[in-house]
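**Q**
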Amino acid sequence: LEARLEAADLFKKVVEAIKDLVQHCNFDCNDSGIALQAMDNSHVALVSMMLTADTFTPFRCDRNIPLGIDLTSLTKVLRAAQSSDILTIKSEDAPDVVNLVFEGKDQDRISEYDLKLMDIDQEHLGIPDTEYAATASMPAADFKRICSDLLLISEAVSIECTKEGITFKAEGDIGNGSVTLRQHSDLENSDKNVDISLTEPVALSFSLKYLTGFCKATGLSNQVRLCLSNDVPLMVEYALANNSYLRFYLAPKIGD
Amino acid sequence: GAGQGSITSFFAKK
């Protein structure tokens, strides 16, 4: 494997976004890119990351290799990379370590780290292709704000999506709160758009602890997409350049 | 009260 990223920033932010949810995981490398799928310890949430080969310049991977990595350790190594550094990830065929090289843009500094790999026996889940009943795109910062505000009211949020908009409702001991985002297009700045497509109304409840955790990915993308169908896990997607993505799946709360 | 569902009850193990 040899994969070079123009800016370490992307990889730093991806790892930062998932490291509190999953601790040990395989980065599955093949000729299509670097993928990761892992559940949290309590099997409530699942993270699915894809960094396509096109995200890297260049990308070369001659055979499928899983790189079993302790994300806490990886975070320590990535601290040494500045956001604007060129990052190269390298590995041998049957590796004991993954090699990370950080180069300053002005090329007067090269840092090289070897991170020990671990054998991780990870369950892979089949994520079915789902035609979601409702899809809502919104500014990622707005979603983060809503989740953190409502977490002060309640542990759970009910998300309801209709043609009029998407509503987040929390009921707690101190009272209730709700936030509605109406569909709208901002002609000056499409990053501010709220876009809803709906085949049938949905209403589901989720743990805000997990949703606020997913929001650690906010810096990766201006917009976030929520995909909902009744009685299936919510998908929260941060789309990245070159068809790469960071997706989180969250099992709904089960009715009263 | 409401319980928390598990992701493995929706997505099958490969």
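Protein chains in written order, with my numbering: chain F, 1 to 256; chain R, 1001 to 1014. Built from N, CA and C at the ideal position, the CB exists for glycine as well. As the structure is a prediction and not an experimental result, all values here were calculated from the model.
(1) Near residue 12 (chain F), what residues of its chain come up, given a Cβ to Cβ distance below 6 Å and the 5 sequence neighbours on each side ignored?
(2) Chain R partners of residue 232 (chain F), CB-CB under 9 Å?
(3) Let me know if residue 1012 (chain R) comes out buried or exposed under the rule of 16 or more other beta-carbons within 10 Å of its beta-carbon.
(4) Which residues in chain R sit within 7 Å of residue 127 (chain F), going by Cβ to Cβ distance?
(5) Does the Cβ of residue 1001 (chain R) have 16 or more other Cβ atoms within 10 Å, making it buried, or fewer, making it exposed?
(6) Going by Cα to Cα distance, which pick from F:214, F:138, F:123 and F:89 is closest to residue 113 (chain F)?
(7) Measure the C-alpha to C-alpha separation of residue 174 (chain F) and residue 40 (chain F) and round it to an integer number of angstroms.
(8) Alpha carbon to alpha carbon, how far is residue 62 (chain F) from residue 145 (chain F)? Give it in angstroms, no decimals.
(9) Cβ closer than 9 Å: which chain R residues qualify as neighbours of residue 202 (chain F)?
(10) Using a cut-off of 9 Å between C-beta atoms, extract the partners of residue 221 (chain F) located in chain R.
(11) For residue 119 (chain F), which three-state DSSP category applies?
(12) Does any residue of chain R bring its CB to less than 8 Å from the CB of residue 49 (chain F)?
(13) Shorter than 7 Å, the distance from the beta carbon of residue 204 (chain F) to the closest heavy atom of the ligand SAM, or not?
(14) Got a sec: is the Cβ-Cβ distance from residue 254 (chain F) to anything in chain R below 8 Å?
(15) Quick check on the DSSP output: what are the complete beta strand (DSSP E) runs of length 3 or more inside the segment 13 to 83 of chain F, in order along the chain?
(16) Just the chain R side, please: which residues come within less than 9 Å of residue 123 (chain F) by C-beta, in chain order?
(17) Kindly indicate which residue of F:190, F:196 and F:75 has the alpha-carbon position closest to the one of residue 183 (chain F).
(18) Put residue 1001 (chain R) into one of helix, strand or coil per three-state DSSP.
(19) Classify residue 239 (chain F) as helix, strand or coil using the three-state DSSP reduction.
(20) Mapping DSSP to helix, strand and coil, what is residue 133 (chain F)?
(21) Please give me, in chain order, every unbroken run of the beta strand (DSSP E) with length at least 3 that falls completely inside the segment 176 to 242 of chain F.
(22) Just checking my contact of residue 7 (chain F) with residue 34 (chain F) at CB under 8 Å: how many whole Å lie between their CB atoms?
(23) Where does residue 244 (chain F) fall in DSSP's three states?
(24) Hey, residue 54 (chain F) and residue 189 (chain F) are a contact pair by Cβ (cut 8 Å); roughly how many whole angstroms apart?
(25) Counting only the same chain and skipping the five closest in sequence on each side, list residues whose C-beta sits under 7 Å from that of residue 30 (chain F).
(26) What are the residues of the segment 28 to 59 of chain F that lie near chain R, defined by any Cβ-Cβ distance shorter than 9 Å?
**A** If we stick to the structure as given:
(1) 78
(2) 1010
(3) exposed
(4) 1011
(5) Note that residue 1001 (chain R) has pLDDT 43, beneath the 50 cutoff, so the model's placement of it is unreliable and no number is given.
(6) F:89
(7) 30 Å
(8) 43 Å
(9) Residues of chain R passing the Cβ test: none, with the nearest at roughly 15 Å.
(10) Near residue 221 (chain F) there are no residues of chain R at all, since even the closest Cβ is about 23 Å away, more than 9 Å.
(11) coil
(12) no
(13) Ligands displayed in this structure: none; no statement on the ligand SAM is therefore possible.
(14) yes
(15) 24 to 30, 33 to 39, 45 to 52 and 65 to 70
(16) 1008, 1013 and 1014
(17) F:196
(18) Note that residue 1001 (chain R) scores a pLDDT of 43, beneath 50, so its modelled location is shaky; the value from the coordinates is reported in the next line. Of the three classes helix, strand and coil, the one that applies to residue 1001 (chain R) here is coil, per DSSP.
(19) strand
(20) coil
(21) 195 to 198, 202 to 207, 223 to 228 and 234 to 239
(22) Residue 7 (chain F) to residue 34 (chain F), Cβ: 16 Å. No contact.
(23) coil
(24) Their Cβ separation, rounded to whole angstroms, is 26 Å, which puts residue 54 (chain F) and residue 189 (chain F) out of contact at 8 Å.
(25) 61 and 64
(26) 39, 40, 42, 43, 44, 45 and 46
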